[in-house]
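S.K.: Sharing a structure with you now.
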Amino acid sequence: MPKDGVVMPTSLNLTARFFDLLLIVQEFTILSVQTVAGLVRPPWYLREIMLQLDRIGVGSLFIVMLTGLFTGMVLALQGAVQLEPYGATMYVSRLISESVVRELGPVLAALMIAGRVGTGIASEIASMQVTEQIDALRAEGTDPIKKLATTRLAACLIMIPLLTIITNCIAILGGWLVARLYLAIDSYFYWTWAFEAIQLDDIVQGLVKPLVFGFIIAMVSCYAGFSTKGGTAGVGVSTTQSMVYSSILILASDFLITKFFMAFA
Amino acid sequence: MIEYANVWLSLGDRLILKDVSFSVQPGETRVILGGSGSGKTTLLRLALGLYRPDKGTITVVGQDITGLRERDLFQVRQQMAMVFQDAALFDSLSVRENVGYRLWEQGLLSDEEIEQKALESLRFVGLDDILDKMPAELSGGMRKRVGIARALASGAKTLLYDEPTAGLDPINTCVIGRLILRLKTMGVTQVVVTHDLDTAYRVADRMILIIKGRLAFDGTPDELRACDQPAVREFLDPSSMPSEWTPSPNSNGISDEPLLRSIASPRSVS
Numbered sequence: 001m002p003k004d005g006v007v008m009p010t011s012l013n014l015t016a017r018f019f020d021l022l023l024i025v026q027e028f029t030i031l032s033v034q035t036v037a038g039l040v041r042p043p044w045y046l047r048e049i050m051l052q053l054d055r056i057g058v059g060s061l062f063i064v065m066l067t068g069l070f071t072g073m074v075l076a077l078q079g080a081v082q083l084e085p086y087g088a089t090m091y092v093s094r095l096i097s098e099s100v101v102r103e104l105g106p107v108l109a110a111l112m113i114a115g116r117v118g119t120g121i122a123s124e125i126a127s128m129q130v131t132e133q134i135d136a137l138r139a140e141g142t143d144p145i146k147k148l149a150t151t152r153l154a155a156c157l158i159m160i161p162l163l164t165i166i167t168n169c170i171a172i173l174g175g176w177l178v179a180r181l182y183l184a185i186d187s188y189f190y191w192t193w194a195f196e197a198i199q200l201d202d203i204v205q206g207l208v209k210p211l212v213f214g215f216i217i218a219m220v221s222c223y224a225g226f227s228t229k230g231g232t233a234g235v236g237v238s239t240t241q242s243m244v245y246s247s248i249l250i251l252a253s254d255f256l257i258t259k260f261f262m263a264f265a
Numbered sequence: 001m002i003e004y005a006n007v008w009l010s011l012g013d014r015l016i017l018k019d020v021s022f023s024v025q026p027g028e029t030r031v032i033l034g035g036s037g038s039g040k041t042t043l044l045r046l047a048l049g050l051y052r053p054d055k056g057t058i059t060v061v062g063q064d065i066t067g068l069r070e071r072d073l074f075q076v077r078q079q080m081a082m083v084f085q086d087a088a089l090f091d092s093l094s095v096r097e098n099v100g101y102r103l104w105e106q107g108l109l110s111d112e113e114i115e116q117k118a119l120e121s122l123r124f125v126g127l128d129d130i131l132d133k134m135p136a137e138l139s140g141g142m143r144k145r146v147g148i149a150r151a152l153a154s155g156a157k158t159l160l161y162d163e164p165t166a167g168l169d170p171i172n173t174c175v176i177g178r179l180i181l182r183l184k185t186m187g188v189t190q191v192v193v194t195h196d197l198d199t200a201y202r203v204a205d206r207m208i209l210i211i212k213g214r215l216a217f218d219g220t221p222d223e224l225r226a227c228d229q230p231a232v233r234e235f236l237d238p239s240s241m242p243s244e245w246t247p248s249p250n251s252n253g254i255s256d257e258p259l260l261r262s263i264a265s266p267r268s269v270s
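Protein chains in written order, with the working numbering: chain Z, 1 to 265; chain Y, 1 to 270.
Structure representation (structure tokens):
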């Protein structure tokens, strides 16, 4: 609320917001550079990385498998409806494998992981921030960025591509279940066309995306956690922000990566 | 040991410290007194390099830390340990891991040696039977004592305490006071931020009083007791404050009669 009830002109308000946004971008960039630099500078906190690999990877396995399974099943049903007028229902596996490997697998897995892991990272760091544990780490001579952000980034960069591959496989398997049991498509035919459809650039695209998404999830969540203000209410705000901004950035970067591959592949 | 010279600091648009200068000598227990929000805790954070002053310098063991990079500050911080107001124990670690944290991070001792140090420190604070408990299972007083044990185990030569007795019952307050006194007799340099006057008088070699970010007093406990500056007297004996400090019913133009009436009137029971 402006002082003495004076309403700030909209132009000034927008300018202030623009500079706030610039400041956030600057802080985010500095945190990202320091976090990435921590990947190549000791100490590496291997025990903490192992713990995060377990939390992020093993902990998220069940939800990404379910996500993949139902995505593949729905794609088979919807694809069959679209292909039926052309008598091409038997080629549904081609549609499933291509769309899953290129787009749906990476994006849906990343969104699910952002919801489960990203919010967890943000709320954990935010709680540490408001209870002075981050300051205590610094006072103990530990770099909190290396200890908290770098370890989580490393775990995300390793586990999210692996989880995406699992999501893709389960989605194609889910599609096969519907194709076999509901659409009566021959298994040999399904799997042949499923593998035929996938080209090298699909695989590359399908692996570059989860790496970028892993970076986004880790860094947005860590930034939200470290920038927490305002006690326990701030923890809630940071957690929500991490989910919202991660999701938006995942979808926006998905478009940009796709565009990039279309232009250069 | 620690020297603050003409330190100014603002956080956001709020001026916290205004031209504060004092020093802490080796082996001295220095108490920082002041009301809530007067800038006491900020002084501890400045000594650790957690904040940087806008103006002035802070020297720790002869080294000006004001312009040091974060990486170099870690070396300075190794010489000090801080007991935070709410202990700031790491939630995900057990008491044993919390107490031995800095030693594990340094990697200079074997696991057995670190265990031994952690146990000795916990024994010193009378808590050697809670090694495997998690911070969430501890009471406020226990958390503070584990915080002190963590500071002791680190081998730091200077201990900084932020409100070590805040929110504790009289018995725990007495226990913490005794621990500080025991460390004082062992020659440990200590800086204690508090507004608990009893503990302050018991443990202090020298005291400073911060009022609204300015240094209002610097001297021994006896000198503080004898000090006749109005601002100092007001802090030491709030009942001597002039009557205009007490909010009168209509001092801000808004009557609090309706509120008082609602408190005083019997509630109707339906």
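A virtual CB, placed ideally from N, CA and C, is assigned to each residue, including glycine. Since we're looking at a predicted model, the values are computed, not measured.
Among L17(Y), E97(Y), P170(Y), which one has its Cα closest to the Cα of T41(Y)?
M.R.: Within the second sequence, the letter at position 41 stands for residue 41(Y). Cα-wise, what sits closest to T41(Y) is L17(Y).
S.K.: Helix, strand or coil for F274(Y) per DSSP?
M.R.: Given that chain Y is displayed from residue 1 to residue 270, the structure contains no residue 274(Y) and the question cannot be resolved.
S.K.: If L119(Y) sits next to V146(Y), beta carbons under 8 Å apart, how far is it from one beta carbon to the other, in whole angstroms?
M.R.: Locating residue 119(Y) in the second sequence gives position 119, counting from the first residue. Locating residue 146(Y) in the second sequence gives position 146, counting from the first residue. L119(Y) to V146(Y), Cβ: 13 Å. No contact.
S.K.: What's the C-alpha gap between Q34(Z) and G231(Z)?
M.R.: For the purposes of this step, residue 34(Z) is identified with residue 34 of the first sequence, where counting begins at 1. For the purposes of this step, residue 231(Z) is identified with residue 231 of the first sequence, where counting begins at 1. Taking the straight line joining both Cα atoms gives about 26 Å.
S.K.: Across the region 94 to 106 of chain Z and the region 187 to 206 of chain Z, are there enough close Cβ pairs to call them in contact, namely three or more that are closer than 8 Å?
M.R.: Yes, the region 94 to 106 of chain Z touches the region 187 to 206 of chain Z.
S.K.: Kindly say whether A166(Y), judged by its beta-carbon, lies nearer than 8 Å to any beta-carbon of chain Z.
M.R.: The residue you call residue 166(Y) lines up with position 166 of the second sequence. False, the Cβ-Cβ gap to chain Z never drops below 8 Å.
S.K.: If the criterion is Cβ atoms closer than 8 Å, does the pair G105(Z) and A37(Z) meet it?
M.R.: Numbered from its first residue, the first sequence carries residue 105(Z) at position 105. Numbered from its first residue, the first sequence carries residue 37(Z) at position 37. In this structure, A37(Z) does not lie closer than 8 Å to G105(Z) by Cβ.
S.K.: From the DSSP output, read off the bridge partner residues of R14(Y).
M.R.: Taking the second sequence and counting its residues from 1, the one referred to as residue 14(Y) is at position 14. The partner list for R14(Y) (beta bridge, DSSP) reads L11(Y).
S.K.: What I want to know is whether the C-beta of R150(Y) ends up closer than 7 Å to one or more non-hydrogen atoms of the ligand NAP.
M.R.: The model on display carries no ligand, and the ligand NAP is accordingly not part of it.
S.K.: Rounded to whole angstroms, what is the Cα-Cα separation between V40(Z) and L31(Z)?
M.R.: Taking the first residue of the first sequence as 1, we reach residue 40(Z) at position 40. Taking the first residue of the first sequence as 1, we reach residue 31(Z) at position 31. About 15 Å.
S.K.: Check distances from the C-beta atoms of the region 95 to 117 of chain Y to those of chain Z and list, in chain order, the residues that come in under 9 Å.
M.R.: Listed by position, the residues of the region 95 to 117 of chain Y near chain Z (Cβ gap below 9 Å) are Y101, R102, E105, Q106, G107.
S.K.: Return the first residue and the last residue of the alpha helix (DSSP H) that M219(Z) is part of.
M.R.: Reading the first sequence from its first residue, position 219 is the one you call residue 219(Z). Unbroken alpha helix (DSSP H) run through M219(Z): 200 to 226.
S.K.: Contact check, L163(Z) vs I113(Z) under 8 Å by CB: the rounded distance?
M.R.: Within the first sequence, numbered from 1, the residue matching residue 163(Z) stands at position 163. Within the first sequence, numbered from 1, the residue matching residue 113(Z) stands at position 113. At roughly 7 Å, the Cβ-Cβ gap stays under 8 Å, so L163(Z) and I113(Z) are in contact.
S.K.: DSSP on T89(Z), reduced to helix/strand/coil?
M.R.: As a working mapping, residue 89(Z) is identified with position 89 in the first sequence. The answer is helix: DSSP assigns T89(Z) an H, G or I state.
S.K.: Considering only the alpha carbon of each residue, which of I56(Z), T228(Z), C156(Z) lies closest to Q241(Z)?
M.R.: The sequence position of residue 241(Z) within the first sequence is 241, counting from 1. It is T228(Z) whose Cα lies nearest to the Cα of Q241(Z).
S.K.: Since G79(Z) contacts G174(Z) with CB under 8 Å, what's their CB separation in whole angstroms?
M.R.: Counting from one through the first sequence, the residue named residue 79(Z) turns up at place 79. Counting from one through the first sequence, the residue named residue 174(Z) turns up at place 174. Not confirmed; about 12 Å, so no contact.
S.K.: Taking K259(Z) as part of the alpha helix (DSSP H), name the residues at either end of that continuous run.
M.R.: For the purposes of this step, residue 259(Z) is taken as residue 259 along the first sequence, with counting starting at 1. Note, K259(Z): alpha helix (DSSP H), 231 to 264.
S.K.: Given a cut-off of 8 Å on the beta-carbon distance, is the pair V278(Y) and T29(Y) in contact?
M.R.: Nothing in the structure corresponds to residue 278(Y), since chain Y is present only between 1 and 270.
S.K.: Leaving aside the five residues before and after A179(Z) along the sequence, list all residues of the same chain whose C-beta is less than 7 Å from its C-beta, in chain order.
M.R.: The residue you call residue 179(Z) lines up with position 179 of the first sequence. Excluding residues within five positions, the ones whose Cβ falls inside 7 Å are A76, V92, S93, I185, Y190.
S.K.: Does M142(Y) come out as helix, strand or coil in the three-state DSSP assignment?
M.R.: Locating residue 142(Y) in the second sequence gives position 142, where the first residue counts as 1. M142(Y) falls in the helix class under three-state DSSP.
S.K.: Taking only beta-carbon atoms, is Q63(Y) less than 8 Å away from chain Z?
M.R.: The residue you call residue 63(Y) lines up with position 63 of the second sequence. False, the Cβ-Cβ gap to chain Z never drops below 8 Å.
S.K.: What are the start and end residues of the alpha helix (DSSP H) that includes M50(Z)?
M.R.: Walking along the first sequence from the start, residue 50(Z) turns up at place 50. M50(Z) -> alpha helix (DSSP H) spans 46 to 53.
S.K.: Using three-state DSSP, classify E28(Y) as helix, strand or coil.
M.R.: Counting from one through the second sequence, the residue named residue 28(Y) turns up at place 28. If DSSP states are grouped into helix, strand and coil, E28(Y) belongs with coil.
S.K.: Let me know the secondary structure DSSP gives T346(Y) once reduced to three states.
M.R.: Any question about residue 346(Y) goes unanswered here, given that chain Y covers just 1 to 270.
S.K.: Determine, using beta carbons only, whether R77(Y) comes closer than 8 Å to chain Z.
M.R.: Here the question's residue 77(Y) lines up with position 77 in the second sequence. At least one chain Z Cβ lies under 8 Å of R77(Y).
S.K.: I217(Z) and C156(Z) look like a contact to me (Cβ under 8 Å); what is the Cβ gap, rounded to whole Å?
M.R.: The sequence position of residue 217(Z) within the first sequence is 217, counting from 1. The sequence position of residue 156(Z) within the first sequence is 156, counting from 1. Their Cβ separation, rounded to whole angstroms, is 6 Å, which keeps I217(Z) and C156(Z) in contact under 8 Å.
S.K.: When the Cα of L15(Y) is compared with those of E234(Y), P230(Y), R214(Y), I263(Y), which residue comes out closest?
M.R.: By one-based count along the second sequence, residue 15(Y) stands at place 15. Per the Cα distances, R214(Y).
S.K.: Just to confirm, are A126(Z) and G234(Z) a CB contact at a threshold of 8 Å?
M.R.: Position 126 of the first sequence, counted from the start, is the residue given in the question as residue 126(Z). Position 234 of the first sequence, counted from the start, is the residue given in the question as residue 234(Z). Closer than 8 Å, so yes.
S.K.: Would you identify the three-state DSSP class for I96(Z), choosing helix, strand or coil?
M.R.: The residue given as residue 96(Z) occupies position 96 in the first sequence. DSSP places I96(Z) in helix when its eight states are reduced to three.
S.K.: Touch check for the region 62 to 78 of chain Y and the region 129 to 139 of chain Y: three-plus C-beta pairs under 8 Å?
M.R.: The region 62 to 78 of chain Y vs the region 129 to 139 of chain Y: no contact.
S.K.: When the Cα of E163(Y) is compared with those of V99(Y), P258(Y), A88(Y), which residue comes out closest?
M.R.: As a working note, residue 163(Y) is residue 163 in the second sequence. Per the Cα distances, A88(Y).
S.K.: Counting only beta-carbon separations shorter than 8 Å, does L82(Y) have a partner in chain Z?
M.R.: Counted from its first residue, the second sequence places residue 82(Y) at position 82. A small correction: the amino acid at residue 82(Y) is Met; Leu does not occupy that position in the sequence shown. Closer than 8 Å: yes.
S.K.: Going along the chain, which residues of its own chain have a beta-carbon closer than 6 Å to the beta-carbon of F84(Y), five neighbours each way excluded?
M.R.: Position 84 of the second sequence, counting from 1, holds the residue named residue 84(Y). Around F84(Y): D162.
S.K.: Report the residues of the region 16 to 37 of chain Y with a CB closer than 8 Å to any CB of chain Z, ordered along the chain.
M.R.: Cβ contacts with chain Z come from no residue of the region 16 to 37 of chain Y.
S.K.: Which whole runs of the alpha helix (DSSP H) in the region 132 to 191 of chain Z are 4 residues long or more, in chain order?
M.R.: The qualifying runs are 133 to 139, 151 to 181.
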